[in-house]
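Residues in the sequence shown are numbered consecutively from 1, following UniProt numbering.
Even glycine gets a Cβ: it sits at the ideal position worked out from N, Cα and C.
Because the structure is a prediction, the values reported are computed rather than measured.
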Amino acid sequence: MFINGGFMKPSNNCVSLSLRYIVSSFRRFSTSSFFRFFGSPFLRFSLSSCLPFFLLFCLTVSLSPGALYVFTEAGRLARSTDDGAHWTWLSTPLPGTDCVDMTSDPNHFIYVLTRTGEVHRSIDQGLSWTPRGNIPVFDARAIWVITGLTFVLTQSGDLYQRSNATGNWSLVGNIGASDCVDFVPNPGGDRYLVFTKNGDVWEVLPTPFTKFLLGNIGSSAVIGATTLNNAVLAVTEQGDVARSTNGGVTWNWVGAVSQIPVTGIVNNGPNIYLTTNAGEIVRSTNQGSNWFWRGNVSQVGIGGIISDTLAVIGIEDSSGIETIQILSVYPNPSCGMFTIRYVVSHWGWIKIRLFDILGRLAETCWQGDVEKGDNIVNLVLQKKGVYFLMIESSKARAVKKVILE
1 MFINGGFMKP
11 SNNCVSLSLR
21 YIVSSFRRFS
31 TSSFFRFFGS
41 PFLRFSLSSC
51 LPFFLLFCLT
61 VSLSPGALYV
71 FTEAGRLARS
81 TDDGAHWTWL
91 STPLPGTDCV
101 DMTSDPNHFI
111 YVLTRTGEVH
121 RSIDQGLSWT
131 PRGNIPVFDA
141 RAIWVITGLT
151 FVLTQSGDLY
161 QRSNATGNWS
171 LVGNIGASDC
181 VDFVPNPGGD
191 RYLVFTKNGD
201 VWEVLPTPFT
211 KFLLGNIGSS
221 AVIGATTLNN
231 AVLAVTEQGD
241 VARSTNGGVT
251 WNWVGAVSQI
261 PVTGIVNNGP
271 NIYLTTNAGE
281 IVRSTNQGSN
291 WFWRGNVSQV
301 GIGGIISDTL
311 AVIGIEDSSG
321 IETIQILSVY
331 PNPSCGMFTI
341 RYVVSHWGWI
351 KIRLFDILGR
361 LAETCWQGDV
371 EKGDNIVNLV
381 LQKKGVYFLM
391 IESSKARAVK
401 KVILE
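This is the structure in structure tokens:
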């Protein structure tokens, strides 16, 4: 494992603090309208062992450039206006006593999620709160809000969506994993990535609900992730930071922090922040390769559970929108021999894979460099049943159902 960077600072011996999350808004500079907004972060957490006492559970969300917000599981909200160096606790308590996640929408409205599925919104930066419905679950983990869409993910893999017309929540589908810890948008598209604690990375399309197991980070202690326009970062409890540049399929270790366990990751503008269970806040200005101590949340001893978090950071992507279109799969149904014609908008590397109806990888059929424009590939598949054929690059993918007789 390659580790670069890190920081050293003595931990506080007076009070043992455990930051749960730090989350702030991101700026999307992509041409995709799906990501063109400010201040909509992800916050996530994962369960781990509790310290004997004085555990601090914090989540950070950014409502404007330079502002970070943290909250405790018991319902306190704090703010930093100097990139995490100093913190001020707000007087208005959060609704509920088991807050597990927090995010904001393009209007800078704040949303809080409790473990039992309650969702509350503030339109005045935490001064007052109104309910947004309740999901009948006991293991809510993450909330994501964007114009017209609100999603909640549970630890057991259930994905819920809120109807803006009725205000009701409905079950979209199940990821198929029991240790989900994070939920972020896939770079450059309308799909999402779900991370599990044991490192599995799933791609999810909410409507119609479709899931694919993309790969594994290579760690059993993943706590959070953050999405860039052309890459994804993930962090482990041990402080190792991994990066994927092909949509979550493969991962490389790029950096680390020296104080552990890490409990949260977030960005605020160009910077990325990590938190530790000792209450430390560290910052990276080069997308996770090097980390430096930034500050410490005030010593508030709150009994709670350690969890993890994530954030999203946007960077400029000047390569344009990449697309893949499957023009034909012939014959279909087939006895196992297919001729596939497809078109790609960019020259580059692609992979063709086969998944079963449960989203499990059945076979990697072909991978390599292709030319821009029309392409043809012949496949021989020694299988029977209904499958999904996926053609994907680092920024685009297309799926076609195939029947093998």
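Within the DSSP bridge table, the entry for Q161 names F151, S170 as partners.
Cβ neighbours of F212 within its own chain (closer than 6 Å, five residues either side excluded): E203, F355, G359. The closest CA to that of I352, considering only H346, S345, C365, V344, is found on C365.
Here DSSP, grouped into helix, strand and coil, assigns K351 to strand.
Fewer than three beta-carbon pairs drawn from the segment 88 to 108 and the segment 267 to 282 are found closer than 8 Å, and the two stretches are therefore not classed as touching. The three-state secondary structure of N378, taken from DSSP, is strand. Inter-residue distance for R141 and F388 is about 29 Å (C-alpha atoms, whole angstroms). Membership of A177 in any beta strand (DSSP E) is not indicated, and neither H nor E is assigned to it by DSSP. Exclusion of the five residues before and after L77 leaves Y69, V70, F71, W89, L90, T92, P93, L94, G126 as the residues of its chain whose Cβ lies within less than 8 Å of its Cβ.
L171 is classed as exposed because its beta carbon has fewer than 16 other beta carbons within 10 Å across all chains shown. Going by beta carbons, P187 and L228 fall inside the 8 Å limit.
Note: G368 is bridge-paired with I350 in the DSSP secondary-structure output.
Ranked by Cα distance from N174, the first of P208, A165, S163 is P208. Sequence-distant partners of N375 (beyond 5 residues in either direction) whose C-beta falls short of 6 Å from its own C-beta, in its chain, are Y342.
Between G264 and T275, the gap from beta carbon to beta carbon is short of 8 Å. DSSP places C99 in the strand class (E or B) of the three-state scheme. Taken in chain order, the complete beta strand (DSSP E) segments of 3 residues or longer contained in the segment 211 to 277 are 222 to 227, 232 to 236, 240 to 244, 252 to 256, 262 to 268, 271 to 276. Inter-residue distance for G133 and A396 is about 35 Å (C-alpha atoms, whole angstroms).
Ranked by how close their Cα comes to the Cα of W293, the residues V232, S258, Q325, N267 have S258 in first place. Residue pairing of P131 in beta bridges, as defined by DSSP: H120. A residue is called buried when at least 16 other Cβ atoms come within 10 angstroms of its Cβ; W169 meets this threshold and is buried.
A direct Cα-to-Cα measurement between I123 and P131 gives close to 12 Å. DSSP, read as helix, strand or coil, puts S104 in strand. Per the C-alpha coordinates, the member of S284, R243, V262, P261 positioned closest to W253 is R243.
Look at F138 here: in three-state DSSP terms it is coil, with no helix or strand label.
With contacts defined as CB atoms closer than 8 Å, Q382 and G348 fail to qualify as a contacting pair. The residues V329, V377, in chain order, have a CB closer than 6 Å to that of I340 in the same chain once the five nearest residues on each side in sequence are set aside. A straight line joining the alpha-carbon of V402 with that of D83 spans about 51 Å. Between I223 and E237, the C-beta gap is smaller than 8 Å, which places the two residues in contact.
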